[in-house]
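In the order they appear, the protein sequences are chains A, B, C, D and E. Going by the numbering used here, the first sequence opens with residue 1, and the numbers climb by one from there. Going by the numbering used here, the second sequence opens with residue 298, and the numbers climb by one from there. Going by the numbering used here, the third sequence opens with residue 704, and the numbers climb by one from there. Going by the numbering used here, the fourth sequence opens with residue 940, and the numbers climb by one from there. Going by the numbering used here, the fifth sequence opens with residue 1194, and the numbers climb by one from there.
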Amino acid sequence: MKLFDTFLTGLSTGSIYSLMSIALVLVWRSTRVINFAQAGQAVLSTYVGYEIIVRTNSFWFGLIAAMIAGAAIGALIDFFFMRALFKRVKSGPIVLVAPVVATLGLLGIIQAITGFIWGLDNKSITPPVTTGGFTIGDRTLPFGPLNLLIVVAVTVSLLILAIIFQRTNIGLSLRASAFSPEISKLSGIKVDAIRTFGWALSGAAGGLAGILFVSNSALNPNAMDVLLVFGFVSAVIGGLDSLIGAVAGGFVLGMAINFAVAYIDTQMIFPTTFLILILVLLLKPSGLFSRSKGRRD
Amino acid sequence: QAADPGVTATTIKLGISSPTTGSAGRVYGKLPGAMKAYFDYINANGGVNGRKITLVHRDDKYLPTLAATQTTNLILKDQVFALVGALGTATHSKAYTAAALAAKNVPDLFVNTGYSGFANKTKYPTTFTILPSYAMEAKVMAKYIKDNLAGQPFALFAQADEFGKDGIAGFTAAKTPPANTQLYPTSSVTSDVAKTYLTAISATPLKLVILFGTTDVTATVLKAAEDLNLVGKLTFMAGSVGGDANTLLALGVKPTTIDGLVAASFFPDAKDTTDAYVSQFMEINTKYNPGVTFDNVVLQGMNSAMLTVQALRAAGKDLTRAGLISAIESKGATFASAGLVPLNFSSTSRIGYNGYWFGKLNAKGELKPATGTTPVVYTTDSGAGDVVKSDYKRLPLPAKGIPTNS
Amino acid sequence: MTLVVNDLTVDHGSIRAVSSVSFTVPTGQLATIIGANGAGKTTLLRALSGLIQPKSGSATWQSNSILNQPPERLARAGILHVADGKSVIAELSVKENLSLPTLWQRDKKSAKSSLDSVFQIFPRLAERINQNAGTLSGGERQMLAIGRAIVAKPKLLLLDEPSLGLAPLIVEQIFQTIKRLQTEMKLTVVLVEQNAMSALKIADEGIVLNLGKVVAVDSAQKLLNDPAVKAAYLGF
Amino acid sequence: MNSGSDLLSIKSLSVNFGGLKALNDVYLDLHPGEVVGLIGPNGAGKTTLFNALCGLVDVTNGELILNNKKHDWPKPFELPKLGIARTLQGVGLFPDLTVLENVMIGASIKSKTGLISAALGFDKKDERALKEVAMSALERVYCGGIADRKANSLPYPVTKRVAIARALVSEPQILLLDEPAGGLGAPDIEWMNLLIHNLASQSAIILVEHHMDVVMNVCDRLYVLNFGEVIASGKVDAVREDPAVIAAYLGVSH
Amino acid sequence: MQSRFDSARKRFIAFVLLGWILLLISDRVGELRNYQGAFVAMYSLAIACLILLTGYSGQLSLGQGALMAVGGYSAALTATKLSWHPVVALIMAVLVAGLFGLIIGFAVARLSGPYLSGTTLALAIALPSLANTFPSLGAEEGIIFDVGKAPTRFGEAFSQYKWFFWISALAALISIWLIANLLASKFGRNWKAIRDNQTAAALSGLNPGRLKVTAFAISSAFSGLAGALLVMLISAVSPSAFPLSLSFLILTGAVVTGVYNLRGVVFGALVLVVIPEIADAVVTSLGGSERLTSTLPGFLVSLLLILAVLFTPNGPGHLIHFRKKNTKK
Ligand SMILES: Nc1ncnc2c1ncn2[C@@H]1O[C@H](COP(=O)(O)OP(=O)(O)OP(=O)(O)O)[C@@H](O)[C@H]1O
Ligand SMILES: Nc1ncnc2c1ncn2[C@@H]1O[C@H](COP(=O)(O)OP(=O)(O)OP(=O)(O)O)[C@@H](O)[C@H]1O
Ligand SMILES: [Mg+2]
Ligand SMILES: [Mg+2]
């Protein structure tokens, strides 16, 4: 029973991590940037969704609004900021560092702005379905309609993204633009637009993650900080370049953490995160779903 | 001898380092504002011995390093006369030494922590804390459980730091150690973690769960209990730090869930407008702190500010740091305060309040006495001393909330 | 209806790489730009394909200015540049590399057929179709880069040292292919080469660059036989 | 063949990449003072053979004999100790370092300075010695004058020479050159010809190259690879007449 | 450039001079400036460690805070639990953190780019929280690290803060001098080589794995010292003294410095200390609502950070470096 219960909580934790992880992987795939601002973007989009929910009384309008807002914010960041950054930062070890620092700076700015507009206190969003668990006999499972909704959202996002990437050429354009903007441009790919699209897509995923996550907890400017770390670790576990990997990484981490909490100790959350990550990477240094590397000469 | 910094014929400068941003800022961010509001109110009514009080606030985000530098800034740069209302164990314990408060004999008034370590006068010679210690809280809880809940065994879900550890020490001192203890790192309790915890507890015969942590964790656990349909099956008790009804409701806990939640407190209920102190503070809040809703944190801030004003008055016209400290030592126990439990300042005791009463929240979020109609107050110490029922009657509110003591 | 370059000057910071270069390539002609290392050949091509902004001068293709345009727009207009040094995306497979120029094309069928023609020219690529381009041998990468240009069905092809690192037999074959593309597809080609002899053999016209300046423009045949040019710049 | 004086001998080397047999049962011998050319069509496996010898790919099967002693396939960083040095097909200079520093990297096995003496600044003598050998290696490729230029500011032909200097500074017995003339113009090829001749006086060389004039000029013997197998080997003149080689690689014009 | 090979001596003289200047300054400024100066010295060291690791060996670490925590705990435990001399405690911080870095380095040397960053990030959140699990590590109140008062021969008026500054500055000066020597030696060159082209470096006889581990261990050792200094400055060690934001702060300092060389570390560190002050001053002078005052400092700091990345991505240190080169030509 405990095993099953833990599995279920792992599933629900994992699905939230997966959503964040997807958002991070999308930006990574399109620009080779780990977007730490995603925590801020997602929160800001969620506030927009919150305002819509307050005004329309409809969770679903809010969800759509959050995704649209997320896409817009992502696109704006790329358009006005990341493009300029990449123009200025081209080579050397700074290429590793500058985007990280830049997105951290963005995170700070977005959090300050949300804090200024909405204040620091908690807001809550009433989810469209009950958060209560499914009941079997006299037992209530630690997994209910909202958790199911989130799992479904992950699955649907993954499917939609898969379709976008398989059916259209956007996936390949994204990857090509990220790996070599110059060759992509010479092949006629509108690299700037494609990258902005990647950011927008990621922003939408972040908005979705935000509003679903907040339905189960509370909304404040720092609401997604911890989730960002777990999302990043999930993405790294999964291999950063693959959406399936992002989702798998999220579930691996979610399961690992919940089993550690259930069978060892609550205090094991952060140590488990580190241990599972280093275990995976010792076996596969570039994540579970990485493709084989190029030659070395 | 040169005069102490921060006092002139017409002003007194006080300082506070506390979080107003970050995750702790969300919980305690209103504190400095509330204190400022009360001081403004006093200033508008003539100040203290003709001096106007200014309060310099510095945000430490609840980080030890920042607390150390910000407190040092308060002393060296802002040249404050005394500190008042600093917040947090991890933060203030570092700030105290780093800012050399002891060497400079800077009064460190009404620190908002229940960590009993601050009562150590050799280590913190200028510090007075305000909250009863967490150990006291645990001991009083143990007593309550024995008297009202048939002494049933209980599980403890507590923050993995001084807060939780002090609590365990208290329960152990009361000879009722928790049957099951789970410590958790701050910021890690998600709804799934809470569910895992509650599922595990519900598999044991334990029916009583004590939550020794901040209100957001209490909320997460209660919501998990709702989801798992355990609200009726388990009884929850929250410590004074984690039982703020407003916050619980704002975080989406159902009114029906908090209805009946047992919570410890040493203050009147912040919603109780019939309480003289509360209604006076509310009035000040409306006027001098516009747009900020009145809650436990605001109450706490105003109360500390009011104690500060009394301390300053008690120190007399010739205000010195040493004088302020000895004034609290000698007269602190007689200050008017909103607390329903006695103040315990003396030359040997540095902990302000030293007891608790137990209430039950109702669906509106009001804390009503758990038994009878008036709060039953227990007092104790942080060590092995007994828990005794107190018939303490607090002093009446000074006229208009403006102290006139000397 | 030609490529007209007039008084083009390009700087790399303080280094003048291309200096007042002018030449004309009529539609359907194959011009080769030759010259020693560092003569400015690559820089010239990069300016024509929009990868760098020139300092001054003009360049038009079919009477439209092509300078300072985004490279992707020029590519879509049929101006295709195969950069030097195995210009492939190492992290993508051979197939993905080849499909880059088709991503934005509507006509999927013709994209498919041009893919087939690439495999006909370079059967080795067909064998490596799912391999990451990064694992290809140096020569295979060069084939892939040229293959990508063929798939794009350009109107103006700018080739930078296509023979680099290729085996003699393949070099022959590539030059033949370029010639064939030019004649069959009515392609205009600007071919930058170190291998001046082979290039001049297939070219209609030769442009000799030295230290960023045009030092000789003439029909390829004449250049091949001009002993002065030979001795001074071609070294054969 | 006098295998007793072999500097290097590779026997039945196979390298597989997944299902692909990049090298299959390949052999190669190198005698002191010799320049051996390794030629073959693109993708034949020439670079892979170098990679196997340098520990950059996993060898599926095969035997390595160095100075008549059987030897494990080395790790890349063990090569200088074994007296082997190599240039890369793609030049591979360190862009952020100066020319001199690039070459000093190649000589780093000569430096005995430990971490602690380096931290205390006691590495002057060692560094001076390193600098001296690096300078003399640069002189050998006629690049002494540009020692302080950053590597990423060099013209292409010069980078090729610096790369060679970096390889020969460790005074290798065996020098592996992967397309040293690739991308060079006619005058520079001429020049490279001479340089390789000079180098041959000190090291045995294995040369991979597509410029036939260079190959024919400097090589004593040739091995021809096709589809990962040796299809011909022997004296230059014999091999260039071999019909299989002509068909697979050279074409009729040579 | 010719001076390269007697630069070690020059560097030594420069550091001694700098030390003298600092000594003179510390006498002339107040307690607060001395305290801030001590922080600047501590941050300088931490930034130098990150520059070694990231700018030179090419390993981007988001977990410097964890390495600092190891040093901080080692120092505090040595001084408080073993009651050894504070100097020994500082040396212990270096040794233990170095050993820790060595072990972690072995585990992560194979990782590259974001995989390494992710792992170090996870380390940064995991390691400090572990301290709460072991009672002997003092939980949140932490373990005191008290270096004691300045020797009496310095006089009565010698403040605690000046003493902090002296210790911090001396430790940082010596350490940064050692690091600067290393970076100017073959090690610095070899690290750059494996960073820029691992294969070519390996073929030249450099063992990339070993070099990376060495870089990690050295960076960790001196980060440990920086951590011990931090803990000295705030009087005690506890998990929350090493939040993720500390690691990010160091990273920011490195970017402001320019990750390529040490030249601007003091400037980078100064920025970390001064910018919040400036933001504070701006907020105080603006006044405004509670919300504004609580969010504006964060906003200003982030804005400055972003402007710094956008307009001097290689840091002012790099600009100076660059200009010198150009004028020499
Ligand atoms: N990015 C750059 N920055 C500075 N100078 C450059 C840059 N690219 C090229 N140069 C310089 O511009 C001049 C022309 O170089 P370019 O690459 O165009 O010559 P090339 O004729 O293509 O030579 P190669 O035959 O070697 O390819 C050279 O002096 C070169 O050093
Ligand atoms: N890491 C790898 N993974 C998969 N295939 C590889 C890998 N490395 C090489 N190959 C394949 O092995 C074959 C031999 O490659 P190699 O680089 O040795 O060729 P080469 O003879 O050097 O050719 P060139 O003259 O074009 O440089 C090629 O077909 C190449 O695609
Ligand atoms: Mg070129
Ligand atoms: Mg090759």
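Beta carbons are placed, not taken as given, at the ideal position from N, Cα and C, and that holds for glycine. Here the structure is a predicted model, which means the values were calculated and not measured.
Quick one: is residue 1313/E near chain D, going by C-beta distance under 9 Å? no
Residue-level contact to chain H via CB, residue 1266/E, 9 Å cutoff: Absence of chain H from the displayed structure is noted, the protein chains being A, B, C, D and E.
Could you pull out every unbroken beta strand (DSSP E) segment of at least 3 residues lying fully inside the segment 31-114 of chain A, listed in chain order? none
Going by CA-CA distance only, name the one from 409/B, 340/B, 366/B that's closest to residue 324/B. 409/B
Is the distance from the Cβ of residue 203/A to the Cβ of residue 45/A below 9 Å? yes
DSSP on residue 888/C, reduced to helix/strand/coil? coil
Can you give me the Cβ contacts of residue 225/A inside the same chain, cut-off strictly under 6 Å, excluding the 5 residues immediately before and after it? 39
From the beta carbon of residue 1344/E, is the nearest beta carbon of chain B less than 9 Å away? no
Just to confirm my understanding: we take residue 1195/E, look at its own chain, exclude 5 residues before and 5 after, and list those with CB closer than 6 Å. What are they? Confidence is the limiting factor: at residue 1195/E the pLDDT is only 40, short of 50, which leaves the residue's position unreliable, though a coordinate-based value still follows. Same-chain partners within the cutoff: there are none.
Once you ignore the five residues that flank residue 154/A on each side, which residues in its own chain have a CB closer than 7 Å to its CB? 15, 18, 19, 247
C-alpha distance - residue 1484/E paired with residue 116/A, whole-angstrom precision: 6 Å
Look at residue 193/A and residue 31/A and say whether their C-beta atoms are less than 9 Å apart. no
Cβ contact check for the segment 961-980 of chain D and the segment 900-914 of chain C: 3 or more pairs under 8 Å: no
Run the proximity test for residue 841/C: is its beta-carbon closer than 8 Å to any non-hydrogen atom belonging to ligand 4? yes
Beta-carbon within less than 7 Å of residue 946/D's beta-carbon, same chain only, minus the 5 sequence neighbours each way: which residues are those? 969, 970, 971, 1006, 1112, 1113, 1143
Tell me the rounded alpha-carbon separation between residue 343/B and residue 306/B. 13 Å
What did DSSP end up calling residue 315/B once you bin it into helix, strand or coil? strand
Can you find a heavy atom of ligand 1 that lies under 8 Å from the Cβ of residue 866/C? no
For a test of your reading of the model: does the CB of residue 944/C fall under 8 Å from any non-hydrogen atom of ligand 3? Yes or no. Examination of residue 944/C is not possible in this model, given that chain C is present from 704 through 939 alone.
Could one say the Cβ of residue 955/D lies closer than 9 Å to chain A's Cβ atoms, at least one of them? no
Whose Cβ in chain E lies nearer than 7 Å to the Cβ of residue 995/D? 1392
Sheet register partners of residue 1173/D (DSSP bridge): 1161/D
At the 9 Å Cβ level, is residue 1151/D part of the contact set with chain C, yes or no? yes
With a cut-off of 8 Å on the beta carbons, I'd call residue 515/B and residue 535/B a contact; round off their distance for me. 5 Å
Are the C-beta of residue 1468/E and some C-beta of chain B separated by less than 9 Å? no
Once you ignore the five residues that flank residue 486/B on each side, which residues in its own chain have a CB closer than 7 Å to its CB? 514, 517
Along chain A, in chain order, which residues have C-beta atoms closer than 8 Å to that of residue 869/C? Per Cβ cutoff of 8 Å: no residues; residue 869/C is ~18 Å from chain A at best.
Distance CB(residue 777/C)-CB(residue 802/C) smaller than 9 Å: no
Taking all protein chains shown into account, decide if residue 263/A is buried (16 or more other Cβ within 10 angstroms of its Cβ) or exposed. exposed
Starting from residue 1115/D, trace the beta strand (DSSP E) in both directions and tell me its first and last residue. 1113-1117
Uninterrupted beta strand (DSSP E) stretches inside the segment 480-530 of chain B (no shorter than 3 residues): 505-509
The beta strand (DSSP E) with residue 666/B in it runs from where to where? 664-666
Closest residue to residue 1319/E among 1258/E, 1340/E, 1338/E (Cα-Cα distance): 1258/E
Would a check of beta-carbon distances place residue 1432/E closer than 9 Å to chain B? yes
Any chance you could list the beta strand (DSSP E) runs of at least 3 consecutive residues sitting entirely within the segment 420-455 of chain B, in chain order? 424-426
State the DSSP-derived secondary structure class of residue 917/C, mapped to helix, strand or coil. strand
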